[in-house]
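Below: one structure, written as structure tokens.
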Amino acid sequence: MNIRNKSVLILGGFGLVGSAIAKKIIKSNPSRIIISSLRLSEAEEAVKNLHEQFPEKGKNYFVPLGGDVFVRNEFKNIPRGEILSDPKKRKVLMSDIMDELSDEILKKSSLYTLTKKYKPDIIIDCINTATAIAYQDIYTSYRHISKQIKNKAKYEDIISSTEMLLCTLYIPQLIRHVQLLYTCMINVNTETYIKIGTSGTGGMGLNIPYTHSEEKPSRVLLSKSSIAGAHTLLLFLMARTPEGPITKEIKPTGAIAWKKIEFGEIKRNGKPIELYDVPLTQAVKLNKKLELKTNQKYKKSGKVLKSVFIDTGENGIFSKGEFETITAQKQMEFVTPEEIADVVIFEIRGGNTGHDIVSSLDHATMEPTYRAGYMQHAAVNKLNELEKINGVDSVAFELLGPPRLSKLLYEIYLISLIHKSMKDVIKDNVKSLSEKCNNIIVTNDTLRNQIISIGIPILLPDGNTLLRAENIKIPPFRGENELVITKENKEKWATEGWVDLRTSNIKRWQKRLSELIKEAEAISDSDTSSTHVRTKTYWNNYEELNIGRICSWLFIHEEKGLRMKS
């Protein structure tokens with residue numbers, strides 16, 4: 001795409017890669033660059049540096065934004081630890097992560113607020129998402145709650161720890177983040193999303209020696225790799241979703257360096273490392289136990305650690321010895337942020353660098369085959385043959401899912417028992433057709449019991465009577481055994497998984513078939529090209545109701561479930 005006059009949002013724009021991309025992409029003349037970072041001070045510093053380097057761009061060209069994009073907007077400036085330690089906020093966070101994505105959860109998210117305000121055409125995501133999620137460290141949460149259970153801690157304390165554990169579960173957080181991100185981009189018509197991902201180990205294997213005092217291989221580090229892989233597959237799905245943004249991922253597999261080299265204070269977590277003055281007389285005798293946390297007071301020297309260092313951005317600052325070790329050949333080695341930025345910008349423009357993981361998966365995955373497409377007809381013919389031999393119709397078992405498919409298949413099947421032609425269905429009186437479907441349910445015990453036995457209830461024409469068996473698929477059981485029946489709930493449940501014999505639903509079927517015919521009729525008889533699949537011939541000139549073909553058409557049009565790539 002042409003970057004000129006496009007609005008660009010760089011998530012994690014203060015970091016090494018984000019900063020390099022901001023500097024490089026300016027040459028393509030976007031209309032505005034929004035720099036987002038976890039801390040507003042970081043974003044403001046990044047914008048200040050950009051203004052100094054590109055003063056001709058004017059006062060409002062660079063926009064600094066701060067806040068956590070993984071939480072709701074009202075929490076975006078609150079440290080996660082503080083959210084987790086507050087029972088009320090923790091429950092809200094837990095709900096935002098674990099509940100079904102609702103309009104309320106969407107609109108209260110910080111991502112929604114950000115994208116709605118700035119409507120970015122291009123989003124370049126430089127946040128190390130895998131680290132942000134995996135380094136919440138579910139293993140530490142597990143050890144804490146296990147200790148509480150073993151020591152028979154207070155019930156309230158165990159409940160709090162369990163809630164914290166749920167809030168640190170990796171996959172639900174990642175799924176919710178991708179759901180929100182995708183929906184936000186659809187809402188504001190973002191054209192391109194490009195992710196700077198990670199392998200989690202800097203390209204090294206299970207033998208990676210660089211960990212933070214964990215076992216080797218580190219479960220926390222492998223969790224990071226697992227999240228990075230899961231994230232890639234979710235982006236792979238996003239890229240296969242029609243009408244969504246063009247989605248790409250660049251995944252550097254090496255250390256990323258560097259930002260600056262200088263002499264100065266050595267900081268950990270933003271604070272200078274204090275030097276202690278410990279005489280040999282305070283040496284500890286190693287007896288039976290070693291205290292990791294001690295009450296012994298050690299004298300501070302009043303000085304802080306200063307040395308020569310290389311700043312590698314998000315990965316921290318390294319000494320000369322550490323940098324030489326990690327970047328040596330056959331170790332992690334490294335890639336520069338400028339090289340990554342060049343790849344990102346070339347890919348945004350539509351170039352092919354060979355480094356887009358999503359594209360690589362497209363080429364490496366095994367797609368549907370010509371042989372399978374050819375043999376589909378043979379399989380369907382054999383199924384038809386066995387139906388006739390055994391005197392049964394194979395409609396739905398509710399093993400594939402969703403229940404909506406079983407509901408739709410049985411509804412159109414019922415209609416097909418009354419009319420063979422689509423046009424006859426459309427011409428029939430709605431009330432009469434509803435009564436005829438109901439009569440089949442009343443008189444055909446076998447069919448009725450098959451439907452309800454697979455978990456699909458039947459809503460009778462009066463709209464207030466439900467036929468059901470022991471188990472029902474919709475509404476799903478989610479811990480509450482009794483749900484309030486409201487008009488809205490009834491419509492929702494009937495749409496999602498009840499065979500609905502009401503006249504309103506019969507009318508909906510007539511409308512669907514009319515639209516199907518209209519689509520096919522719009523294809524000229526003289527157009528014998530390979531452009532169209534669902535022609536009049538495909539529908540046998542509307543003289544039959546092929547329930548599988550009709551429902552596949554519905555899943556494409558109503559469910560927006562079109563396969564994008566073959």
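For the sequence shown, our numbering gives the first residue as 1, with consecutive numbering after it.
Even glycine gets a Cβ: it sits at the ideal position worked out from N, Cα and C.
If you're wondering where the values come from, they're calculated on a predicted model, not measured in any experiment.
One or two residues paired with residue i in a DSSP bridge
| i | result |
| --- | --- |
| Phe70 | DSSP lists no partner for Phe70. |
| Val567 | The first residue shown for the chain is 1 and the last is 566, placing residue 567 beyond what the model contains. |
| Pro272 | Lys267 |
| Ala132 | The partner list for Ala132 (beta bridge, DSSP) is empty, contrary to what the question assumes. |
| Tyr193 | Ile123 and Thr247 |
| Phe334 | Ala255 |
| Ser109 | Arg72 |
| Leu466 | Leu459 |
| Glu367 | BP columns for Glu367 are empty, so no partner. |
| Asp500 | Leu459 |
| Lys300 | Tyr276 |
| Lys260 | Asp311 |
| Ile317 | Asp311 |
Cβ neighbour criterion (16 or more within 10 Å) applied to residue i
| i | result |
| --- | --- |
| Lys407 | buried |
| Ala130 | buried |
| Tyr193 | buried |
| Gly15 | buried |
| His568 | Residue 568 lies beyond the range of the chain shown here (1 to 566); nothing can be said about it. |
| Gln376 | exposed |
| Val47 | buried |
| Asp96 | buried |
| Gln173 | buried |
| Arg143 | exposed |
| Val567 | Here the chain covers residues 1 to 566 and nothing more, so residue 567 does not appear. |
| Phe318 | buried |
| Asp368 | Asp is not the amino acid found at residue 368; the sequence shown has Pro there. Answer is exposed; the Cβ neighbour count stays below 16. |
| Lys300 | exposed |
| Met185 | buried |
| Pro403 | buried |
| Glu642 | There is no way to answer for residue 642, as the model of the chain reaches only from 1 to 566. |
| Tyr542 | buried |
| Gly313 | buried |
| Asp500 | buried |
| Phe263 | exposed |
| Val343 | buried |
The alpha helix (DSSP H) enclosing residue i, as first and last residue numbers
| i | result |
| --- | --- |
| Phe555 | Ile547 to His557 |
| Ile456 | Where Ile456 is concerned, there is no enclosing alpha helix (DSSP H), given that its DSSP letter is neither H nor E. |
| Asp342 | Pro337 to Ile348 |
| His355 | Careful: His355 lies outside any alpha helix (DSSP H) and carries neither H nor E. |
| Arg563 | Unbroken run through Arg563: none, as it is neither H nor E. |
| His532 | From DSSP, His532 is part of no alpha helix (DSSP H); its letter is neither H nor E. |
| Arg176 | Tyr170 to Val188 |
| Pro402 | Note, Pro402: premise wrong, no alpha helix (DSSP H); not H, not E. |
| Glu324 | Lys320 to Thr327 |
| Ala46 | Leu40 to Gln53 |
| Val278 | Unbroken run through Val278: none, as it is neither H nor E. |
| Asn438 | Val430 to Thr443 |
| Leu166 | Tyr155 to Cys167 |
| Val92 | Pro87 to Met98 |
For residue j and residue i, believed in contact at Cβ under 8 Å, the rounded distance
| i | j | result |
| --- | --- | --- |
| Leu93 | Ile83 | 6 Å |
| Ala132 | Val220 | So it is not a contact: roughly 13 Å between Cβ atoms. |
| Leu235 | Lys195 | 6 Å |
| Gln148 | Asp157 | 6 Å |
| Tyr182 | Gly244 | 6 Å |
| Cys437 | Ile418 | 7 Å |
| Gly200 | Ser218 | Gly200 to Ser218, Cβ: 10 Å. No contact. |
| Trp422 | Leu545 | Trp is not the amino acid found at residue 422; the sequence shown has Met there. With a Cβ gap of about 6 Å, Met422 and Leu545 count as contacting. |
| Ile447 | Ile456 | With the sequence shown as reference, residue 447 is identified as Leu, and Ile is not the correct amino acid for it. That belief does not hold up - the Cβ atoms of Leu447 and Ile456 are roughly 12 Å apart, past 8 Å. |
| Leu38 | Asp68 | 6 Å |
| Ile10 | Pro30 | 10 Å between Cβ atoms; not a contact. |
| Gln53 | Leu101 | No, Gln53 and Leu101 are not in contact; Cβ-Cβ is about 40 Å, not under 8 Å. |
| Ser7 | Asp125 | Going by Cβ atoms, the distance from Ser7 to Asp125 rounds to 15 Å, so no, they are not a contact pair. |
| Arg72 | Glu163 | Not a contact, Cβ separation roughly 16 Å. |
| Leu165 | Leu114 | That pair is no contact at about 29 Å. |
| Ala257 | Glu333 | The Cβ separation is near 10 Å, so there is no contact. |
Range covered by the beta strand (DSSP E) that runs through residue i
| i | result |
| --- | --- |
| Asp125 | Ile122 to Asp125 |
| Asp311 | Lys306 to Asp311 |
| Val8 | Ser7 to Leu11 |
Check: residue i C-beta below 6 Å from any heavy atom of the ligand PLP
| i | result |
| --- | --- |
| Leu114 | In the structure shown, the ligand PLP is absent, as is every other ligand, since no ligand is present at all. |
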